[in-house]
Amino acid sequence: ERASDGQVNIIYWQAPSILNPFLTGGTKDIEAASLVLEPLARYDETGALVPWLAAEVPTLANGGFSEDKTQLTWKIQEGIVWSDGTPFTSADVKFTYEYCTDPQGGCAQLAKFENVASVETPDDLTVVVTFDSPVSNPYQPFVGAQSPILQQAQFADCTGANAPSCTDQNFYPIGTGPFTVAEFKPNDVITFEANENFRDPAKPAFATVNFKGGGDATAAGRAVMETGEFDYAWNLQLAPDVIASMEQGGMGTPVAGFGTGVERVMLNWTNPDPALGPDERAVIGPHPFLQEPAVFKAMSMAIDRPLLSEVGYGDAGKPTCSWVAGPEIYAIEVEGCFEQDIAGANALLDEAGFVDSDGDGIREANGVPMSLVFQTSTNAVRQDFQALLKQWWSEIGIETELRNIDASVFFGGDPGSPDTFQKFYADIEMYQNTFDGTDPQSYFGNGLCDKIPSPATQWQGENVSRFCMEEYDALHAQLTQIDDPEERVRISQELNRLAFENGMMIPLVHRGRISAASNTLGGVVLNVWDSELWNVADWYRID
Amino acid sequence: MLTFIARRLLLSIPTLLFISFAVFMLLQLAPGDPMAQVPLTVPDAVKEKMREALGLGEPPLVQYWKWLVQVFWIEPKVLIDYLTASSTLFSWLPDTALYQGELRVISWQTRSPVMDIVVQRMPQTLWVVGLAYVVGVLIALPIGVYSAYRQYSVFDQAGTFVTMIGFSIPPFFTGPLLIVIFSVGLGWFPSIYDTTHEVTDWDSFVVQLQQMIMPVMVLALQTTAQISRYMRAAMLDNLGADYVRTARAKGLSEAVVVNIHVLRNSMIPVVTVIALGVPAIFGGAIITENVFKVNGIGQLLITALFANDLPMVMTLTFIFAVLIVLFNLIADVLYGVLDPRIRYD
Amino acid sequence: MTEPVPASPKAIEALRDEGPLAPPRSQAADVWAQFRKHKGAMMGAAVLIFITLAVLLGPYIWTLDPQRLDIRNKDLRPIYTALWDGTANVSWGHPFGTDNLGRDQLAQMIAGGRASLAVGWAAMVLSLLIGTGVGVLAGYFRRLDGPLMRITDLFLSLPILPLLLVAVTLFRQPLRAAFGPEGGMFILIVTIVGITSWMPTARIVRGDILALKEREFILAARSIGTTSGKIIRRHLLPNVLSPIMVSATLGLATAIITESALSFLGVGFPSDFPTWGKMLADAVPRMSEFPERVVLPGTAISLTVLSVNYLGDGLRDALDPRLRGR
Amino acid sequence: MLDTETPDPIVRIDNLRVEFQTKSGRVAGVKDVSFAIAPGETVCIVGESGSGKSVSSLSLMRLIEFSGGDIAGGRILFDRKTGGALDLAGADQDLMRQIRGNEIGMIFQEPMTALNPVFTIERQLTEGLRVHRGLSRGAARARALELLREVRIPEPVRRLQQYPHELSGGMRQRVVIAMALACKPRLLIADEPTTALDVTIQAEILALIDRLKRETGTAVMFITHDMAVVAQMADRVVVMFRGEKVEEGPVARIFDAPEHPYTQALLAAVPKLGEMAGTDAPAPMKLVGRDDQDTDPIPGTTTPLLRVEGLTTRFPVQGGFFRRIVANVHAVEDLSFTINRGQTLSLVGESGCGKSTAGRSVLRLVEPLSGTVDLDGTDIIGLNDRDLRRARVHMQMIFQDPFASLNPQMQLADQVAEPLWNYGGMGLSKDEIGDKVANLFDRVELPRSFMQRYPHELSGGQRQRIAIARALALNPKLIVADEAVSALDVSVQAQVLNLMLELQAELGLSFLFISHDMAVVERVSHHVGVMYLGRIVEIGPRRAVFEDPRHPYTQALMKAVPIADPARRKSERDLNFKPIPSPIHPVGYEPVANVYEEVGPGHRVLVSESGY
Ligand SMILES: Nc1ncnc2c1ncn2[C@@H]1O[C@H](COP(=O)(O)OP(=O)(O)OP(=O)(O)O)[C@@H](O)[C@H]1O
Ligand SMILES: Nc1ncnc2c1ncn2[C@@H]1O[C@H](COP(=O)(O)OP(=O)(O)OP(=O)(O)O)[C@@H](O)[C@H]1O
Ligand SMILES: [Mg+2]
Ligand SMILES: [Mg+2]
Ligand code: NI
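Here you go:
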């Protein structure tokens with residue numbers, strides 16, 4: 001029954017600062033907003049697409065997706081109303097498209113609407129999305145937590161340049177979701193109330209949501225599992241032994257799910273030598289020695305992936321040698337990849353002529369010592385990884401200097417900061433990222449030559465390692481043309497292999513996400529393909 | 001006295017301008033771009049527009065001037081409007097409408113007026129950090145007095161020992177330690193501060209007390225350590241003074257001699273030390289706030305910093321500077337009030 | 001009553017001043033004698049010397065590399081836990097135990113102490129130099145008082161974090177190039193802690209100088225032709241030593257703790273470079289299973305601060321000839 | 001001899017011994033002291049600094065415990081109003097609290113610090129009354145007012161609301177006396193109540209205590225080191241020396257026929273006003289036990305060394321919103337005098353009349369507003385900083401407070417050598433400087449073993465000799481001695497004075513001697529200038545000024561000086577003092593120029609407005 005279970009307390013150790021997902025890139029903001037704003041369809045915990053506000057997912061099979069792959073027709077469920085009681089119509093969907101694509105607006109999710117030529121509304125419940133060219137994956141706009149639907153009535157005056165200054169709208173969006181915003185304190189706490197007008201009269205079970213932000217993962221985990229103050233803690237990036245000991249608290253349990261995230265070491269294909277000056281660093285290639293196959297192969301061989309996985313993620317991690325390790329079908333198996341082979345690595349390097357010529361324990365490549373600056377974000381597990389990798393590489397005569405940067409700076413993408421992962425002012429760096437849904441095509445696009453970040457693109461661009469290979473580009477182009485699932489898998493695996501064997505990066509661990517839920521909280525289904533709070537309407541209290 | 005205050009206030013204006021200018025220029029030096037949060041896909045032209053909307057791209061001096069106007073002209077107008085419209089104290093005044101929708105100081109991070117957020121954060125900071133200061137002082141004073149009165153006694157030695165330990169243990173250790181003991185082990189207090197909690201009756205007040213007690217104690221430990229040292233030194237200075245002997249010769253009891261005659265004199269330097277410590281309250285206690293999730297001013301500053309939210313950082317820093325200058329003045333005035341020998345003209 | 005009248009009046013004897021009774025000794029011996037009487041100070045000195053020697057000589061005696069990971073021997077408990085817990089996982093090879101990656105805790109304590117003490121002392125000395133300098137100049141030269149005190153206000157209102165972030169981004173590269181990653185960060189941290197913590201010292205010293213300046217012996221020094229510089233050096237500085245000492249002891253603690261807070265916030269030394277503060281911060285999540293990991297560095301920090309505090313107390317007494325006589 | 005003891009003394013101290021716990025073991029502050037005080041009697045305790053006077057009195061109040069001492073032996077029998085004698089030495093502190101302030105009142109030495117600076121006079125006066133008498137606030141206030149009237153404070157009603165710092169030293173001391181008298185104690189202990197005060201105020205306070213004693217019959221224990229005050233006040237005298245009583249007797253007997261050599265020496269060292277009558281030049285004092293002494297008069301020369309003309313010094317008083325100068329303290333106003341080589345000019349006057357400022361202005365340690373200072377042909381006022389520093393070689397200063405004028409952190413030899421270092425050693429090598437310093441120590445009769453010591457290890461007299469040695473180091477022509485002996489015990493004072501006179505005779509030094517003590521001035525000066533409110537009201541040869549004072553202020557001053565002779569006691573009626581007007585005048589105020597009338601050779605008297 002609606003609103004019968006009192007309050008649910010959710011803690012995110014990063015605090016949301018805005019509730020309009022079109023104006024922010026932060027997961028915390030998007031997931032907080034997902035309690036209120038909903039898309040037409042979203043991914044479920046298996047990565048499968050499920051209709052949400054739409055009546056069904058349009059496909060080629062049911063005719064919702066045109067044969068020429070340029071038109072997608074959504075049918076909206078009947079009887080959906082906004083939380084203010086007004087009906088939800090296709091006009092709102094069209095408005096959302098216009099809102100985000102307004103050139104003055106600075107929409108953060110513009111990529112979702114990249115190929116969209118137009119959005120038409122033949123009637124109140126029908127939305128037709130037309131693409132400017134055939135697309136193999138049309139489920140980008142209005143799908144997933146990153147592109148939900150805004151209410152036209154509320155945001156009509158907030159388009160274009162007005163978007164950022166509409167504080168009220170951005171803080172208190174009206175949505176169709178199970179909850180409405182009662183109070184928003186930026187960077188601190190949000191109070192939600194059950195939506196009176198939610199389409200399922202029995203949901204949500206909770207009357208209010210207390211969404212707290214800020215702090216650190218340890219405290220969040222402790223608050224759920226040890227003290228029981230909170231019911232749900234998001235994304236606990238903690239060492240497995242720490243999580244295990246928290247579980248001893250008996251108030252809650254960790255929930256894990258495997259998504260697409262692979263913790264990997266990116267190798268810099270350009271020369272990050274500080275002497276080159278800011279505009280030339282990370283632009284001019286090649287790296288003095290990192291592109292030597294012997295070098296990156298030896299580095300990979302020196303790694304004990306199962307150990308890393310165990311130390312860093314426990315049950316929530318699996319060693320991997322794939323760049324895209326999930327969904328599993330796309331992953332590749334590499335012979336001997338999980339075995340550490342220091343001797344072999346040393347032999348490989350010796351053979352390739354990288355020897356320690358001056359006896360300081362560090363090999364030289366063309367006269368320069370093989371010394372690497374290794375950066376990553378500040379996070380206990382990553383620092384442990386760094387230490388382990390440093391040690392292993394030192395055993396094969398490669399010296400590493402560690403550096404860690406605050407996550408908000410490292411992932412902040414600030415073109416002015418020298419410390420972003422995109423700028424890559426280091427030899428190697430470690431992080432993971434994920435993609436939405438289960439189709440890896442656009443993610444594989446991150447290895448294309450034209451996605452290289454550079455000053456010209458304000459340092460934006462996803463090909464962070466500056467890996468550039470004609471063969472790879474060609475193969476990826478092929479992938480975009482092919483529909484046959486099996487063929488897609490084959491090409492994907494091939495792309496994976498190319499990336500691994502040519503030293504784009506060194507995959508380490510396919511890591512799952514761990515969150516924690518209170519033992520008294522029912523209905524939690526961890527979804528790594530969409531917002532973790534995707535089914536919050538189904539949550540209830542176990543007595 | 002009044003002219004003294006007025007003159008000092010007048011003098012503090014150039015000081016504040018100087019400070020704000022220096023801080024502004026310093027922040028300009030910092031690399032960073034508020035467009036950081038804007039995703040990669042936004043075209044350059046759009047970004048340029050957004051940048052202009054935020055007042056970037058102009059020479060620093062112009063930006064500084066704009067900021068000054070916003071802080072000293074537009075924000076006060078908003079404040080007056082608010083006071084005359086909805087505050088309990090001044091709402092009898094006719095509603096003013098000074099604020100005509102000019103651009104206020106906008107946070108780049110949340111796209112909302114900085115002042116609104118600051119006002120929102122104030123209560124937490126005041127409740128916790130402020131109360132911690134008060135508690136710390138209240139504990140420190142008796143310790144200082146008694147340590148001095150029984151100099152080199154066991155109490156004195158133990159006091160020194162404990163306060164120095166309190167001083168040397170960082171809050172990021174004491175905080176979690178208390179949490180492990182009292183929240184996890186005993187389950188007495190919550191480990192996470194609820195900033196939405198409102199005190200309406202006795203029970204909610206008790207809840208408020210429970211959630212404040214640990215952060216307050218962690219912070220108070222530091223204050224206690226310092227203030228009790230000052231108090232002890234001041235008491236020692238005064239206990240040997242001639243007037244103490246006079247007071248005793250009058251046949252006054254020890255309690256009166258120490259707690260009235262000596263204490264009153266010893267408070268003079270200590271009160272100024274206390275007053276000078278007040279601005280730090282508003283600066284927040286970043287680490288303690290972080291540990292207990294008291295999202296106060298400290299947390300605001302650090303998130304703003306990491307998110308490159310210059311208007312927020314600048315405004316907070318400036319508020320801090322204002323408080324420092326103000327409390328410097330208050331300390332001086334208090335000195336004069338407490339010590340009749342000081343004359344201001 | 002009858003008073004016996006001495007036969008020959010030796011009145012001049014009666015009028016002669018009594019000189020100091022004890023034979024004169026060298027100043028150093030005097031200071032030492034007084035210092036030795038201060039039990040706390042002696043203890044403080046002993047502890048401090050022990051800690052200093054331990055971190056300086058430790059690496060030669062305990063030669064394990066603090067950064068060496070020995071994953072098979074991770075999470076060992078300190079040897080003493082075997083006293084009450086027979087099943088504890090201990091090893092004589094790691095008397096203080098190991099951390100979650102198998103780094104030897106004893107070696108880390110030694111290496112961490114080197115860094116923490118170095119940062120503490122260097123930052124303290126820097127802040128004392130600036131603080132005393134500004135305080136003396138502001139107190140002594142009327143004209144400098146206003147400007148210098150405004151600058152003090154400015155620095156008081158500078159938040160340390162923005163400053164650090166700015167400094168890190170501006171200077172890290174050149175410093176790293178010149179002094180290596182750890183050396184560069186060391187210089188940065190020391191400088192930042194130094195220049196953001198001298199203000200209280202400056203205020204106190206200024207106040208004391210203002211008071212001292214009115215004392216007659218300063219006027220006397222002027223009347224015998226002592227120049228301002230020499231007045232400051234010979235007459236003022238020795239007399240403000242005691243407040244400076246107090247600032248110094250508090251400053252050392254603040255510096256060590258600020259460094260650890262910076263590590264805690266992730267803007268300090270490289271992550272594999274141990275300092276006491278960082279060890280403490282890193283161990284906090286596992287505090288209940290492995291209490292020794294917080295207790296050991298925590299105790300080290302407290303002991304250092306305490307011993308410096310007591311040492312300062314004793315030195316202050318010993319250096320002040322007025323107290324020394326008693 | 002046998003004392004004629006009153007049968008029932010109010011307090012009787014028997015074999016008192018007081019010890020202090022110090023770091024170097026237990027030391028005795030008072031070794032063995034016995035005496036008694038009868039009702040209505042004034043017993044003066046005299047002795048030098050450190051002889052145990054204060055310790056005895058504090059023991060009587062049992063306040064000694066609070067200064068770290070304890071009564072190690074002896075009895076203090078106090079005759080309580082009710083119920084006979086009580087041994088205070090063994091009484092507990094609760095009982096003592098009832099006695100203190102109630103049956104025994106005490107006046108302390110330092111009026112400046114004896115009052116709590118942050119409470120009003122009313123509060124401090126009524127406190128004791130309310131504790132002991134249980135008076136209501138109003139009644140206590142009425143009584144306080146009455147007390148203030150009794151001690152003759154002007155405007156008593158206003159005083160009640162004032163704070164101690166708003167009162168002058170004399171008024172404060174009266175408040176302290178009022179406080180001690182509040183509960184009509186039967187014994188009043190006065191511990192050097194006038195030492196810190198001007199002669200004029202001292203005379204008033206002494207008269208006041210004397211009158212109160214006569215009117216109320218209170219017994220008074222009067223502690224002082226000033227024999228002149230003893231002569232004025234005492235019925236009986238107890239002489240103390242290094243913690244022991246050495247002599248006791250009626251005042252006339254002590255002065256006429258001192259028995260103990262210490263008493264004899266003490267009395268010989270006291271300069272008595274009028275002693276030098278009939279002589280022109282000063283001469284060293286004859287001290288008991290010193291046979292080798294040269295007491296020839298020192299004539300000096302008549303060639304001028306220092307010529308001061310129209311010297312004016314004002315201190316600005318800032319105020320108002322912009323801290324502009326709103327008024328000036330006219331500290332020194334149009335001062336003119338001349339000092340001859342080898343001679344001494346003394347400036348006398350009450351506290352605040354500008355003596356120190358005058359001395360410092362001459363040396364330009366404070367910047368004078370106008371006037372000329374000509375030292376041996378050098379125009380001091382016109383010099384720039386560098387030349388001024390050079391010129392300082394020829395003029396040195398000795399300060400009043402031997403405790404404050406030496407750097408506590410510096411060894412004595414270094415302090416004496418410092419002037420030499422400052423001038424590059426004056427052409428001496430390092431060893432020669434060492435020799436010179438050692439010679440200076442000999443010169444001022446300090447053992448060379450003191451060279452490595454610190455100031456706090458020396459007595460006041462020894463320190464003042466260090467200050468003299470420091471002033472002599474550069475062989476100056478002129479020494480300004482600002483109250484150089486005021487802080488010293490009489491015997492030490494005599495030695496220091498003699499030393500100064502000897503030095504003058506030998507080295508031909510000139511002194512500008514600043515003092516408020518008329519007897520000392522009479523002893524050392526060739527010429528005397530009497531200052532009032534920044535002006536010299538009378539100046540001339542010492543003999544002329546002392547034997548024939550012309551200005552009314554000089555005459556009043558002379559009258560106030562107590563004379564160390566019990567036969568020449570002054571009565572209260574002789575005293576007639578007006579309060580000194582403020583030297584602060586608004587900006588723009590131009591005082592009239594000084595006009596003098598020559599009444600004798602070199603003897604000039606101010607005839608224009610003086611403010612008196
Ligand atoms: N608190 C103390 N601790 C140690 N010794 C003390 C203390 N107070 C006084 N004395 C010693 O006791 C002796 C007597 O001191 P007391 O103060 O009675 O002298 P006094 O005659 O009053 O001198 P003055 O004329 O300077 O007041 C001195 O030798 C002094 O050093
Ligand atoms: N630095 C100063 N600033 C302002 N006023 C001063 C200063 N020094 C002295 N005065 C004032 O000048 C006047 C003369 O002071 P001065 O010290 O010369 O008197 P004095 O005769 O030496 O008194 P005492 O006998 O107390 O030493 C006093 O009213 C004093 O308050
Ligand atoms: Mg005394
Ligand atoms: Mg004077
Ligand atoms: Ni006899």
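Protein chains in written order, with our numbering: chain R, 1 to 543; chain G, 1 to 345; chain L, 1 to 326; chain F, 1 to 612.
The beta carbon of each residue, even a glycine, is placed where N, CA and C say it ideally should be.
I'd like to confirm the pairing. Which residues does DSSP put opposite residue i in its beta bridges?
| i | result |
| --- | --- |
| Asp87 (chain F) | F:Leu77 |
| Gln7 (chain R) | R:Thr208 |
Can you confirm whether residue i, when its beta carbon is compared against all beta carbons of chain F, has any partner nearer than 9 Å?
| i | result |
| --- | --- |
| Thr125 (chain G) | no |
| Arg234 (chain L) | yes |
| Phe234 (chain G) | The residue asked about is misnamed: residue 234 (chain G) is Ala in this sequence, not Phe. No, Ala234 (chain G) lies away from the interface with chain F (no Cβ there is under 9 Å from its Cβ). |
Which residue marks the beginning of the beta strand (DSSP E) containing residue i, and which one marks its end?
| i | result |
| --- | --- |
| Ile190 (chain R) | Val189 to Ala194 |
| Phe258 (chain R) | Gly252 to Leu267 |
| His585 (chain F) | Ile584 to Pro586 |
What is the residue span of the alpha helix (DSSP H) that residue i lies within?
| i | result |
| --- | --- |
| Thr101 (chain R) | Ser90 to Thr101 |
| Phe172 (chain G) | Pro171 to Leu178 |
| Ile491 (chain R) | Pro485 to Glu501 |
Please tell me whether residue i has its Cβ less than 9 Å away from any Cβ of chain L.
| i | result |
| --- | --- |
| Gln157 (chain G) | yes |
| Ser429 (chain F) | no |
Counting only C-beta atoms, is residue i closer than 9 Å to chain R at any point?
| i | result |
| --- | --- |
| Asp75 (chain L) | yes |
| Ser260 (chain L) | no |
Check whether chain G comes within 9 Å of residue i, counting only Cβ atoms and requiring the distance to be less than that.
| i | result |
| --- | --- |
| Asn309 (chain L) | yes |
Length-filtered (4 minimum) alpha helix (DSSP H) runs lying within the stretch 380-457 of chain R:
380-395, 407-410 and 441-444
If we count Cβ pairs, one from each stretch, closer than 8 Å, do we get three or more for the stretch 453-465 of chain F versus the stretch 242-258 of chain F?
no
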